[in-house]
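Chains A and B, in that order, are what the protein sequence lines are. As numbered in this note's numbering, residues 1436 to 1616 make up the first sequence, in order. As numbered in this note's numbering, residues 16 to 227 make up the second sequence, in order. Built from N, CA and C at the ideal position, the CB exists for glycine as well. Taking it in order: structure first as structure tokens, then the write-up.
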Amino acid sequence: MREREDEWTGLMRSAISGDDAAYHRLLKAITPVLRAAARRGLARAGQPVDQSEDIVQDILLAVHLKRQTWDSSAPFAPWLFAIARNKLIDTLRRRGKRIFVNIDDFAETLPGETPEPTASASEVAAQLQTLPARQRDVLQSIAVDSSSIKDTAAKFSMSEGAVRVALHRGLASLTAKLRDR
Amino acid sequence: MDTDQLIRTLAADNTYRTRPIGLALMLALLAAAPVSLLIFFAELGVRSDVMTAMRNPFFDLKFAVTLALAVAAIAVSLHLSRPEASLRGFGWWLLVPAGILVAAISGEMMMPQRAPMMTRLVGKNSMACMTAIPAMSLPLLVGALYGLRQGAPARPAVAGAVAGLLSAGLAATVYASHCTDDSPLFVATWYTLATAIVASVGALMGKRALRY
């Protein structure tokens, strides 16, 4: 446990000093832990666990956009788990409201067995469609087509700098949309 | 989008650097300050006897109280912008201005006074104080919240309230140079009330604005 968390702290320090590969490894390493925590949290709240992937992606986006609030002389895990807890509570609160509204509105028409309206990890993908075209194209090219920044720049005849800006703005507005949905 | 794709995308954005929160907060406050100063000079202005007033220690103490509030609230704001931070162990900073105020009141009690206590407490400028401090705080509060949006506070409403204290402290520092009531009793009553109003507005605004 201790070793794993020390490793995270080391990877995050490397990431902040510009090591993209270390950052990638860190995000890969924390994801299963976050997934397990999200499932546990949903189960404890008596909620179906099939939307845990949406929470995982929510947490990853927040980790990414708020990483400057991590104090690099402090351990990484408490910071990470504080964000994870916040996002889980946020989701439960939001879902609580939604469920309340659902029961109020559709109590008469609810069939015995309700399929979940959303499949796993669909929220980011859905919000992606609402972004401005340029940001959406860049995000899709890098995420879905796994193109590099360089290739993406060539594909859309943009400068690499413009691709980087569109990428970051896209991620930021995606997160804002997820928060305010 | 599956999570591996998202992770790859985030890693591609690793080189993008956002401003440190301290800098973001400072720039936002600097941008908002002219609006507050404009309100001050258009509506109030520095009191005419300021040169004599400066020799009165109770005039100077007003600035000690308000500046201590502003500095403490800035420190606490920056601390609270971290997701794992809470007020515990850091909130006592906010007691420093209150401590100065208590010391000033006891100091004044020990000195011979021309006016009775209630007259000093009620003063002549209570209404001006109660409107000017919130009015001058508002632009600063909006600026502070804008800068603090870079952060990730665990409790946005608390962080917003502290941002309110911060902007009230700065606004009151400027307002103190207009106000002719120098008694610490006046400051403890009306400045505190005005500050509490701004802190409540900050909590309400922060609850929405500082969510992440």
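Which word fits residue i, buried or exposed, when buried means at least 16 other C-beta atoms lie within 10 angstroms of its C-beta?
i	result
Val1491/A	buried
Met220/B	buried
Ser1452/A	exposed
Asn29/B	buried
Asp1441/A	exposed
Arg1599/A	buried
Pro1483/A	exposed
Leu38/B	exposed
Gly184/B	buried
Thr1585/A	Here residue 1585/A is Lys; the residue named in the question, Thr, does not match the sequence. Exposed is the call here.
Gln165/B	buried
Ile1534/A	A caution first: Ile1534/A carries a pLDDT of 45, below 50, which makes its placement in the model unreliable, though a value can still be read off. With fewer than 16 Cβ atoms within 10 Å of its Cβ, Ile1534/A is classed as exposed.
Asp75/B	exposed
Ile1465/A	buried
To the nearest angstrom, how far is the alpha carbon of residue i from that of residue j?
i	j	result
Gly138/B	Ala57/B	23 Å
Asp1611/A	Val157/B	The identity of residue 1611/A in the sequence shown is Ala, whereas the question assumes Asp. Roughly 19 Å separates the two Cα atoms.
Trp107/B	Met1447/A	32 Å
Trp205/B	Ile120/B	14 Å
Arg1614/A	Arg223/B	10 Å
Pro1550/A	Lys1590/A	Residue placement at Pro1550/A cannot be trusted, given a pLDDT of 35 that sits under 50; what the coordinates show is reported in the next sentence. The straight-line gap from Cα to Cα measures roughly 40 Å.
Val213/B	Ala85/B	13 Å
Ala1519/A	Thr67/B	57 Å
Trp1505/A	Leu95/B	12 Å
Tyr161/B	Leu1566/A	23 Å
Leu1477/A	Ser1487/A	7 Å
Ala178/B	Leu82/B	14 Å
Ala1561/A	Ile54/B	46 Å
Leu44/B	Arg1479/A	43 Å
Ala1421/A	Arg32/B	Since the displayed chain A opens at 1436 and closes at 1616, residue 1421/A lies outside it and no answer follows.
Leu1500/A	Ala1607/A	7 Å
Pro7/B	Phe73/B	Chain B is shown from 16 up to 227; residue 7/B falls before or after that span and cannot be answered.
Gly1445/A	Arg1502/A	14 Å
Phe1511/A	Leu136/B	51 Å
Met69/B	Pro112/B	20 Å
Tyr227/B	Thr1526/A	12 Å
Arg1528/A	Arg129/B	59 Å
Cys194/B	Met124/B	21 Å
Ala100/B	Pro1513/A	10 Å
If residue i and residue j are in contact, beta carbons under 8 Å, what's the gap, nearest whole angstrom?
i	j	result
Leu163/B	Ile22/B	In fact, because the Cβ distance is near 28 Å, the residues do not count as touching under 8 Å.
Ala1601/A	Gln1570/A	5 Å
Ala176/B	Gly122/B	That pair is no contact at about 29 Å.
Pro168/B	Leu225/B	5 Å
Ser92/B	Leu40/B	7 Å
Leu1495/A	Leu181/B	Incorrect: roughly 31 Å between the Cβ atoms, too far for contact.
Leu102/B	Val173/B	7 Å
Leu1515/A	Val1559/A	Not really, about 19 Å apart at Cβ, beyond 8 Å.
Are residue i and residue j touching if we call contact CB-CB under 8 Å?
i	j	result
Lys1522/A	Ala1556/A	no
Leu109/B	Ala79/B	no
Ala48/B	Leu155/B	yes
Ala209/B	Met145/B	yes
Ala1588/A	Ser1594/A	yes
Ser230/B	Met151/B	Nothing can be reported for residue 230/B: it is not among the residues displayed for chain B, which extend from 16 to 227.
Pro171/B	Ala1517/A	no
Val1579/A	Gly1605/A	no
Val202/B	Lys77/B	yes
- Message: Which residues of the stretch 16–46 of chain B have a Cβ closer than 9 Å to any Cβ of chain C? Give them in chain order.
- Response: The chain labelled as chain C is not found among the protein chains of the depicted structure, namely A and B.
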